[in-house]
Structure formats: structure tokens, C-alpha cells
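This report concerns only the one structure given below.
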Amino acid sequence: MVVASGTPYTRVERFYMLGNHVLSDYGPHNGERLPPYVRLDLSASYDFSVGRGRRSGINLSLYNVTAHDNVLFYRLKVNEVEYAYRPFAFALRLMPSVNYYFSF
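When we follow my numbering, the leftmost residue of the sequence shown carries the number 123, and every step to the right adds one.
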């Protein structure tokens with residue numbers, strides 16, 4: 123299990139448009155913290171021998187089994203309809219992984 127306190131960041135207090143440019147006013151440097159980061163990973167491996175001291179195996183892993191929506195950073199989204207300061211997280215909450223490995 124991975125648990126970490128929220129990373130410090132500098133919050134945008136205000137933003138506005140000047141022509142085609144977005145200008146931002148920032149708060150105190152590292153004055154805010156992201157929400158805590160929580161992740162539970164599971165993994166299973168199976169090793170087997172392929173002869174003459176050579177070994178190989180397969181590994182199945184699931185990252186973030188709890189599907190916790192961890193905020194990585196905030197980003198400013200600007201388009202014709204809205205100006206928004208939104209949290210950004212990984213697109214996949216639960217990420218599977220399959221690996222084959224060998225040694226010789």
C-alpha cells in the first residue's frame with residue numbers, strides 16, 4: 123500500500139484573458155496541498171525452469187486496486203465555453219499489467 127501526504131503546490135487565485143493570453147495571479151508559493159495519495163497494488167508471479175539453469179516466469183499485477191481517484195495536479199482548462207481550474211488524475215483508475223521475464 124502506498125500512502126503519501128498531499129504534494130504542496132502553488133494555487134492560482136485568479137486568472138483572466140488579455141487578448142489571446144491567459145494571465146494568472148498565484149497565491150503563496152507551495153501554500154496549498156493536494157489531497158492525500160492512496161494506492162493499493164496486488165501482484166502474483168509464477169516462476170518455472172526452462173532447462174540448463176534458465177528460469178522464466180509470468181507476473182500479473184493490478185495497480186490501484188481500490189480505484190482511488192488520486193489527484194496528480196491541477197490544470198487550467200480554457201476553451202470557448204469555460205475557464206476552469208480542475209484537478210487532473212490518471213485516466214485509468216485501475217491499471218492491469220502482464221509481464222513475461224526470463225534469466226540466463
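Virtual Cβ for every residue (Gly too), placed ideally from N, Cα, C.
Please read these numbers as outputs of a predicted model, since none were measured by experiment.
Could you check if residue i is buried or exposed, using at least 16 other CB atoms within 10 Å of its CB as the buried criterion?
| i | result |
| --- | --- |
| residue 192 | buried |
Does the beta-carbon distance from residue i to residue j come in below 7 Å?
| i | j | result |
| --- | --- | --- |
| residue 124 | residue 182 | no |
| residue 155 | residue 186 | no |
Assuming residue i contacts residue j under a Cβ cut-off of 8 Å, what Cβ separation, rounded to an integer in Å, is found between them?
| i | j | result |
| --- | --- | --- |
| residue 305 | residue 129 | Nothing can be reported for residue 305: it is not among the residues displayed for the chain, which extend from 123 to 226. |
| residue 210 | residue 195 | 5 Å |
On a Cα-Cα basis, can you pick out the residue from the options that is closest to residue i?
| i | options | result |
| --- | --- | --- |
| residue 136 | 126, 147 and 143 | 147 |
| residue 204 | 158, 138, 134 and 172 | 138 |
| residue 171 | 164, 165 and 179 | 179 |
| residue 127 | 134, 143, 218 and 157 | 157 |
| residue 238 | 163, 200 and 225 | Here the chain comprises residues numbered 123 to 226, so residue 238 is not present and cannot be evaluated. |
| residue 217 | 164, 153 and 226 | 164 |
field: Segments of 3+ residues assigned as beta strand (DSSP E) that fall wholly inside the segment 137-212
entry: 143-148, 159-161, 164-173, 176-185, 195-200 and 205-210
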